[in-house]
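Participant: In my numbering, the protein residues as written are 208 to 457.
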């Protein structure tokens with residue numbers, strides 16, 4: 208048989224190079240996705256000098272020399288930070304597609320934040336507020352929108368109560384409660400639909416399912432949501448909590 212022509216050889220070579228190029232692109236994309244990226248979280252405090260604990264007022268102890276803790280959702284420690292000049296910081300590495308929720312806790316407050324790559328901040332007061340990262344900022348926007356709904360309907364409800372002269376019955380109150388529920392559910396659904404496979408979606412569905420009294424209740428409420436939400440660590444922590452406290456919740 209005759210040897211392949213130069214054109215045929217070039218054609219084979221080009222096909223081989225194209226396959227090699229596509230394989231390298233895929234490999235680089237995989238390496239990029241799996242590469243851990245750093246985070247640095249800088250923290251400050253907004254805790255008053257005196258605190259009300261029920262009927263008791265206590266003075267806040269100095270914060271310097273104490274520790275702030277980052278914990279898994281099951282309470283297992285991830286990291287700790289020494290407080291100096293009433294500031295602290297956490298640093299580490301996390302894959303961009305494996306951002307996670309963690310508790311931030313100190314002697315006076317605790318709350319959940321999203322840990323993801325980047326440089327951002329925490330402020331610890333009555334609540335723990337993280338800001339300056341995409342997930343935490345989106346969660347803050349949702350919370351702010353919720354507060355706007357509460358304020359708007361609350362002001363109209365207050366005006367209705369004042370106009371009645373006495374505390375009104377359900378015939379006056381119920382429409383406000385129904386309107387709030389409808390607007391709140393619409394807000395949650397809108398945020399979830401834009402974030403079905405990330406921590407923002409997990410956060411809002413966690414709130415929407417807050418009334419679950421058992422694992423069966425929770426799983427039933429989660430039937431229509433993405434597996435990312437259903438199998439998220441936050442939902443698994445909810446299940447473990449419900450199992451441990453089911454008799455008290457009923």
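Don't be surprised by glycine CBs; every beta carbon is placed ideally from N, CA and C. The structure presented is a predicted model; accordingly, all values stated were derived computationally and were not measured.
DSSP three-state call for residue 273: helix, strand or coil?
Facilitator: coil
Participant: Is there contact here, the stretch 308 to 317 with the stretch 328 to 346, by at least three beta-carbon pairs under 8 Å?
Facilitator: yes
Participant: Classify residue 274 as buried or exposed, calling it buried when 16 or more other Cβ atoms lie within 10 Å of its own Cβ.
Facilitator: Per the 10 Å Cβ criterion, exposed.
Participant: What separation, rounded to the nearest whole angstrom, lies between the Cα atoms of residue 376 and residue 394?
Facilitator: 28 Å
Participant: Run through DSSP, which three-state label would residue 403 get?
Facilitator: coil
Participant: Take residue 386 as the anchor and find which of 267, 244, 359 has the nearest alpha-carbon.
Facilitator: 359
Participant: Can you check DSSP and say which residues form a bridge with residue 416?
Facilitator: BP columns for residue 416 are empty, so no partner.
Participant: Checking 7 Å against the spacing of the C-beta atoms, do residue 421 and residue 449 come in under that value?
Facilitator: yes
Participant: What does DSSP give as the partner residues of residue 335 in its beta bridges?
Facilitator: Paired residues: 331.
Participant: Pick helix, strand or coil for residue 306, following the three-state DSSP scheme.
Facilitator: coil
Participant: Are there 16 or more other CB atoms within 10 angstroms of the CB of residue 287, so buried, or fewer, so exposed?
Facilitator: exposed
Participant: Excluding sequence positions up to five away, which residues of its chain have a Cβ less than 6 Å from the Cβ of residue 293?
Facilitator: 252, 270
Participant: Tell me whether residue 467 sits in a helix, a strand or coil according to DSSP, three-state version.
Facilitator: No statement about residue 467 is possible, as the shown extent of the chain runs from 208 to 457 and does not include it.
Participant: Among the candidates 350, 355, 379, whose CA atom is the shortest distance from the CA of residue 364?
Facilitator: 379
Participant: For residue 290, which three-state DSSP category applies?
Facilitator: coil
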